[in-house]
Each structure stands twice: as C-alpha cells, then as structure tokens.
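Residue numbers (the numbering used here), protein chains in the order written: chain A, -4 to 494; chain B, -4 to 494.
Beta carbons are placed, not taken as given, at the ideal position from N, Cα and C, and that holds for glycine.
Protein chains: 2
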Amino acid sequence: MKPKQQVKRVPNLFDSRVFPVERIELDGVEESFLRGGRNLFPLLPKALAGISQIGVIGWGSQGPAQAQNLRESLQGTGTRVTVGLRTGSESFMKAKAAGFSEADGTLGEMFSVIAASDLVILLISDAAQAQLYKKVFEALRPGATLGLSHGFLLAYLEAVGEHFPATVNVIAVCPKGMGPSVRRLYEQGREVNGAGINTSFGVEQDLDGRATDIALAWSVALGAPYTFKTTLKSEVVSDLFGERSILLGAVHGIVEALYQRYLDEGAKPEAAFNRACESLTGPIRQIISRNGLVGLDEHLDANGRRDFRRAYDATYASFKGVMAEIYDEVVSGNEVKSVVMAAKRFSEYPMTTIEGSPMWTAGADFRRHRGQIKTDVDGFTAGTFAGAMMAQVDILEEHGHPYSEIANESIIEAVDSLLPYMHARGVAYMVDNCSTTARLGTRKWGPRFQAILEQVTFPAMVDREATPDQMPERFLTHPVHEVLHKLSEMRPALDIAVT
Amino acid sequence: MKPKQQVKRVPNLFDSRVFPVERIELDGVEESFLRGGRNLFPLLPKALAGISQIGVIGWGSQGPAQAQNLRESLQGTGTRVTVGLRTGSESFMKAKAAGFSEADGTLGEMFSVIAASDLVILLISDAAQAQLYKKVFEALRPGATLGLSHGFLLAYLEAVGEHFPATVNVIAVCPKGMGPSVRRLYEQGREVNGAGINTSFGVEQDLDGRATDIALAWSVALGAPYTFKTTLKSEVVSDLFGERSILLGAVHGIVEALYQRYLDEGAKPEAAFNRACESLTGPIRQIISRNGLVGLDEHLDANGRRDFRRAYDATYASFKGVMAEIYDEVVSGNEVKSVVMAAKRFSEYPMTTIEGSPMWTAGADFRRHRGQIKTDVDGFTAGTFAGAMMAQVDILEEHGHPYSEIANESIIEAVDSLLPYMHARGVAYMVDNCSTTARLGTRKWGPRFQAILEQVTFPAMVDREATPDQMPERFLTHPVHEVLHKLSEMRPALDIAVT
C-alpha cells in the first residue's frame, strides 16, 4: 500500500566546470553522477584552485580515513592536508603516528588549523559539533568552505534555531560507509582503479558558484567510485533513518529475534548463531554485494525459497510500520533532540554494552572455531533481511529520496561496509562501537524490530507447508534490482577485505 | 546517584472555602489533601453552586465511570449530569443502556451538551481532543468550566503553540486508575465508605477563585478517598511517564524478559508464566496493595530474599537509565509529538496486537486451569518489579513531583487499578486495549525494558550463592514505605475485585 501523501521523485541533476558529469536513469527518473577513479586526480588542482590548505578536524571514524586519502590523492599539488585536533589528546598522538606532524605544518591545534584553512572538513563527533559549533564558526575565515560528512549539524542548528555563518560556503561530502571502509577500499583502489566507497554531496551555501566543484574534488580525492547529489537535509534524514533501520538497528533486532527463533525450534546455541547471524554477515551479504538481492534466488533450493518467501511475506509490512515511525521521528527533529538529551545524561547514566548478551556469548564460542563449521545461505534469515531491506527502500522512495541515495543508504552501504565489519568483529561490536548517534539509535530501535518479530510477526506466520516454493513475486519484480545492477556497473567488483 | 540538577520538592498546599482540607508531611515536605467519603456529599451543592448542568463528553474508559459516579453522587441536588456524544454512535447506545436518555435531557449531541453545560468534563480520547479542541473551545459558554482528566490537551496545545480560551475556568481532576476501577471501587464504596480511586487535581485557569472548590467537588463526587494537588503540566508528565514505565511499559517488558529467563532456566511454559506473570499480578500485587512494598519481606524465605536482592540490585540502575530517558522524552514534548504523528499513520499502518505472542499463548493455557496451580511470591520476579517501581519513584522524586503524585502514579495506581485488571484479563489484553496514547507508549518502551534486562542486566548478574539472604538495605530504608503507610491510612483496606 502506498502512503496517501507520497512524495514524487524528481530528476536529480547537477553540472560541473571541471569534472565529466554523466547521467543515468534510475527507475525512470534521471540523475546526474560523477564516475570517480584515479584518472581524475589530475583535475583536482583546477577544482581546488585557491585552496592551499585543507584542514581535517577530528580523528574518529572518518578523520583518519579522509585525512590519509586526501593527503595521498593531493600529493604534489598546491594543496596541503593538515589535521587539527585538541593538543595533547590521544588522537593527536595517533595522527602523529600516521605521519602528520607539527614540524611540517600538517598537524596542529584544532582552532588554529580551522583559522588557517581554506577548506575545513569538520569530522568531530555529532556531540562535539553540537558543543563547539559556535567556536568553529567564529574561527572560520570569510570566504572559506566548511565541509561536513553528515547533515547532523544542519539538523542540530534547525533544532536550536541557529544558522551557518553567511560568509562561508557550506558543503557536505558523505561517504556511504564507515571510515575504516573508506580507507580500506581506497587502499585497494591502488591496484583496482575505482575501488572505493560511494559518496553523496550536497551544497548548502555557495558564495561564488564553485562549491559543487570543491565538493566533487573532495569526493574524488576520497576515492569515491560514484558521487551523486543530495541536500544536507535529505542526507541527514536518510542517514539517521538508515542507521536506525537496515544498517544497524534492524540488523541488531533481526539477528536477536532469529537467534531466539532457531533456539525455540530446537537448535543448539552455536547452530542458531550460525543460521541467524553468520549466514547473514557471511554468504547472504556476499551474494547481495556481488549479484544484488535477486542473486539470492539461485542459491536457494525449493525449501530455501519457501523459507525465504514465508519470512519475506510476513516481515515486510511489520518492518515498514516500524520504519515509517523512525522516518517520522527523524524528519520531525525528535530524533536529533533525543540524541542531544541523551548526551546530557551520559555522566549519570553511562551507556552499557550488549556484548555479554546470550547470543553474543554463543557468537564468541562460534567464532573461536570458525571455518570448521559450514555456513549456508539460510532462506528464512535471507527472507527476513530482504524484507527489512525492501521496506527501507520503499519508505525512502515514498518520501522522494533520489534512488542513488536509496540504493546506497539501504543496500550498498550495508553489504559493502557495515556487514563486512560485523562479520569480522560481530554485530554487538558494531553496536557498541559505532558513533554515539548511531549507537543511541540502534539501542532505541533494535529492540522494537526484535519485539515486533517475536511478539507479532513470527507467531502470525503461515505454515511452511502452505508456502509456495518460489520467491515472492513483488520481491523479484522490484525496480531496485535494476537500479543496483546499473550502479554496480559503475565500480569494480571486489571482495571487501576486513582484517 | 543523584542527578546533578535535582529539583527540590516544595510544600504542595491548597485551601478550600467548602471542604475540610488537611495537611500531611510526606518525606519531610508538607502537602495539603482532602480526605474523601460519602459524608462529604452534603457539601457538594455549595461547591457546585451555579452549576446546573455537568456535561460529561465521551464514553471511553473514564466516561462511563465518571458519568455514573457523578449522577449517583449528585442525585437530588440542583446539578444534572448529562452525557454528550456523537449522535448515532455506538457509545450513544451504550450511554442509553446505562440510563442516560434524550427524553429527560441527560443525553445529547456532543456540541449541544458542551454549549448547554456549566462544567464540561472532556473525556474523549487524546487523539479526538487534538482533532476537535477548536470546536470544543468555540462551543464553551463564557464563564463555564472546562474539566479534563489528564493534562494531555495542555501538552498538545503547547506543542502546536495554542492556548485555552481565556473566558473559561480550566481545571483537571485525574483519577489515578482506569475508568473501570473508578466505577468498581465507587460501587464498593456504597458498603465501605471511602473506597475509591485517589485523584489529583490541578487548576490551570481560575476566573473567580472558585475553580479549586469545583475541582474538589468533582473529585469527591467521583468517590476519591484522597485528593491531592498538582498542576496540569506535572500531571501530564507524570501520567505519560508512568504509563510508559511501571504501569504498562515496564510491566510488559519485565514479564516478557522474566518469562524467557525462566524458560532458559528449564521451566516449562506454564510454570514460567506462573513465576513471571501470575506471581506478579497475583500475590505480589496483593501484598504491596495491603502492606506496601516492605510487606514482601515477610513473605520470602532466605532463598527468596536472596533472589529478591539479586534481581533488585541488578535491575534498579538499568530501569532508572531507561526511565530517565522516558522522562526527558515526555517533558521535552517529543512523546506527545510522537503520539500525534503515530495517529496520522494508523490508516496505513494499523496497530497490531501482541496477544498471539508465545508468552500469551502459554498464559492462555495457564489461565484455563487457573486455581489448580499454586502461585507463590517469586523472589526474583518481586525483586525485578520492585527495582522498576523504586526507579520510577526516584526519577519522579528527583524531578520535584509531590510525593502524593509519586506514590499514586508509581505504586497505588499499579497495585490497585492496573495490575488487578491485568490479573483478570492478562497484561497483553491491557496493552492491546488501553488508551491509544498509553498503547503507543507501551509498545515503544516495553521492548526497551525487555532488551536491557535480557541483553545487559541479567547476563551481568552475580551468582545466587554470592548473594546475601537479606533484602537490599537501600530498598528497606527507602522513604516511600513511610509515605505509602501514611497514605494507606487515608482509605479503607479492601480487596480490589475485578470481574
């Protein structure tokens, strides 16, 4: 069923004076995009003309990745990459260890670096942005460009009734993957041209018409194989929504509910973990990454297809209901307000970790003799996960997001960035170690996904015997498959290595 | 640990020109209160002088109870009680069946009744109030009194930047129990003077200094054994907070988590249900209602005390963390905004029920041969529930709510209204059939309580052998016990009968 007030997607176009922008039609709507690659590096100096210093502020997840990628891509150009951090902080030592130094002017105190940079890439945490934005704005030179990798600051300023200073450009380049993936795939890109994490870019303030090219240059220098346009508002909404849904929140809820379900069916803890979690972060994720969601079809036998259909048909609507709620909470500003309030409670109520939960204890046992146990594509797990993924795709589509954003935020970021890390380190590790904003969102919404599956969706499911042994028609014919196929042709196929 | 910005409780006083107001000291802070009872009925005409018609608008949970109680209490006075509803609605027929009739002017179309009444008691649902408030305000006579039984409309008006009309009194009388309890205990009050549900009252607008006495008369006529003062803001915050916490949300999460825990320990479904749910809504609730929380002490043996302490010590801080979040979400207006947004999604995403969940299926089996199975006070269940109750008491106390409100909203309403109904009909029935606002809140927060218990609190718990066999000191010495004892002396002891 479509919502009554569906927002129609419109052509999502942009031009560049420097880069060869192409067009693509995604589900009938045209979008501009820039195909990245090291072959574009010679164009960077033109796009960044007049920018003699890029200040990368912060050393969390994105900071180390972006600072190192930019330094490498801009080597030998007139643009220096300088990291700005609190002097004496632990991060300061880490940046030093990564080769940034006070001696050669590539490392310095945060606000001095901001004041001395033509492009300031602000990668401190959401909470730190909320706390320090006034000082940052004051330090910015008139005519400089403020760069963000996430629309959070815009949403925060809206919530408190403030604005960006009128004297600077404001742009965003938002990698659709965690910092470590941005770095890891860039490194792989040395051998395979075009390997990298896709990004979206947005221009919020443009003083002299050059903001788009600065953003595109930043994105190319990060190694993005595919850059598409968004707005800061659309980005922050899809980003906060996505991490609360398929990227973290839904995955967390799904694996917990499936684990309990398989236990209830009589599986031993390690076998239940294998079906619920290992299958998802392993073979299911790999197949979607290589061949898209429809790739799951050929890996399932008749019983597997029956399980897939049963799970998909039952879960899709439940997921969509929770996700419609998440979308409303995000777009209304409630969710940002919640994050700000939560940060104020941390001194009294510190966040707890979930790594000691029964499933993660079983997971830790499982992982100790990984490789000795075979992990198949579990049809029921795949159907549940696909139900959540498609629900997210449809919610974003119904709210008018461009399909590049939908596909990246709902599928590509999941299978090429988050899930490989979850496979390497565990879903619990991700939930306990992602950004504070994501972590709060996951802990808030994960249990909602789990509860609706356990208390409503699974108990109401039809019998396996009554389920046809084909995949659901509305899954197989969904336009996202064609979109994914087109987008996958834009970048080299490679295995995401997480070590 | 106390929060940094604790709000100090202050004396909570009021006077009356008609009723014999008394004073009580609760945990060192003075409060005024009115002891109710049928002996005060002769004072009602004086307090309601000039009010020839009370219009009771709505026939949901509170409507039937308040209309019937008021009619009975005001029989033979100059004040008529008239029910106002949508003509031709199902409610209209129900009100007729309860003896209200168009012929004698005690039943009519909603807005005509509003326009013809001197005191309008607005008991339509929160969603309907949000939808119809403008029409209601327009229909009110200048000089009339608008009565609410919940501060929701104030919170809603704040959220949309609107105000009550300046030409009317605005008061609230808020029974600390569901409508059916308000009616049932009033009926029991015919034999046992003073039986009834406690209420809080608040005066938001007072045109001529008579608003307090009108509110007190309304409360006495409902059968409230104990009436205390609050503000509409304090009421709506404590009410929304309470139903999301101990009254519904926390209970729902607790029984689900305990049920799973007992299953994991090897119990069969019915035995797990007996320990997790039946023990709570049965003997644990009865003991607290009769002898307060400390009454649990004498019902437990050494092992039971060990279980109680283990559960209490582990859960209290976890509950408090979630409840601190709920309190912030409510007081910030986020929660009201969420309810309003959710109501707009219902046509596309109807609310589902939880009655088919595995626990409720086991519960239905259990209930079919209830009486054949003995139900004891389970120490672990009691300790978990007490942990949640005390966490709620402390959160409200730290935010400066008067102790009458704290005790009623956290303990008395639970054990004398909600839990007896849960015992009779099931927790799932309550969750699926309470007000939309409460239902949304329960479905949002119940899973959060469940998840933190299952994933964080229970796995981190100390061994039973390492636990002393005394109740926790900080539980036994909590000031709420003395408060409860004082309040219990204000009303007759009687078993809450739910049929």
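Listed along chain B, no residue sits closer than 9 Å to residue 456/A by beta-carbon distance, the nearest being about 10 Å off. Residues of chain B with a Cβ closer than 9 Å to the Cβ of residue 246/A do not exist, since the nearest Cβ in that chain sits about 14 Å away.
For residue 476/A, the closest of 254/A, 146/A and 292/A by C-alpha to C-alpha distance is 292/A. Neighbourhood of residue 450/B in chain A, by CB distance below 7 Å: 349 and 352, in chain order. Residue state for residue 223/A is assigned as strand, using DSSP reduced to three classes. Taking a Cβ-Cβ cut-off of 7 Å, the neighbours of residue 316/A in chain B comprise 344, given in sequence order. For residue 30/A, DSSP records a beta bridge to 221/A. When rounded, the separation of the alpha-carbon atoms in residue 480/B and residue 286/B is 8 Å.
Taking the C-beta atoms as reference points, residue 268/B is found nearer than 9 Å to residue 357/B. In the structure shown, residue 79/A falls within a strand segment according to DSSP collapsed to helix, strand and coil. From the listed residues 118/B, 249/B, 86/B and 52/B, the smallest Cα separation to residue 306/B is found for 249/B. Here residue 196/B is bridged, per DSSP, to 168/B and 224/B. Contact note: residue 392/A does not reach chain B at a C-beta cutoff of 7 Å; the least C-beta distance is about 15 Å.
Interface annotation, residue 260/B: not in contact with chain A, CB-CB separation never under 9 Å. For residue 182/A, the three-state secondary structure derived from DSSP is helix. The same chain holds no residue with a CB closer than 6 Å to that of residue 255/A once the five nearest residues on each side in sequence are set aside. Against chain B, the beta carbon of residue 332/A has neighbours under 7 Å at 327 and 329, listed in chain order. Contact fails between the stretch 382 to 400 of chain A and the stretch 327 to 336 of chain A, because fewer than three Cβ pairs, one in each stretch, are under 8 Å apart. Note: residue 435/A is not bridge-paired with any residue in the DSSP secondary-structure output.
Between residue 379/A and chain B, the shortest Cβ-Cβ separation is not below 9 Å.
The distance from the Cβ of residue 132/B to that of residue 400/B is about 28 Å, inconsistent with a contact at the 8 Å cut-off.
Under the Cβ criterion of 9 Å, residue 97/A is not counted among the residues facing chain B. Among the residues facing chain B, residue 446/A is included, as its CB has a counterpart in that chain under 9 Å away. With distances taken between CA atoms, residue 50/B lies nearest to 62/B out of 190/B, 194/B, 62/B and 43/B. Under the three-state reduction of DSSP output, residue 469/B falls in the helix class. Residue 145/A holds the alpha-carbon nearest to the alpha-carbon of residue 404/A among 341/A, 350/A and 145/A.
When C-alpha distances from residue 212/B are compared across 234/B, 324/B, 66/B and 176/B, the shortest belongs to 66/B. Here residue 295/A is buried. Its C-beta has 16 or more other C-beta atoms within 10 Å. Spatial neighbours of residue 262/B in its own chain (CB-CB distance under 8 Å, excluding positions within 5 residues in sequence) are listed in chain order as 270. Rounded to the nearest angstrom, the Cβ distance from residue 147/A to residue 124/A is 6 Å, consistent with a contact under 8 Å. Taking 9 Å as the CB threshold, residue 371/B stays off the interface with chain A.
Counted as a single uninterrupted DSSP element, the alpha helix (DSSP H) harbouring residue 299/A occupies residues 297 to 326.
Per DSSP, the continuous alpha helix (DSSP H) segment holding residue 382/B begins and ends at 374 to 393.
Per DSSP, the beta bridge partners of residue 48/A are 75/A.
A straight line joining the alpha-carbon of residue 361/B with that of residue 122/A spans about 49 Å.
The way I'd put it, the stretch 333 to 342 of chain B doesn't touch the stretch 427 to 447 of chain A; fewer than three beta-carbon pairs between them come closer than 8 Å.
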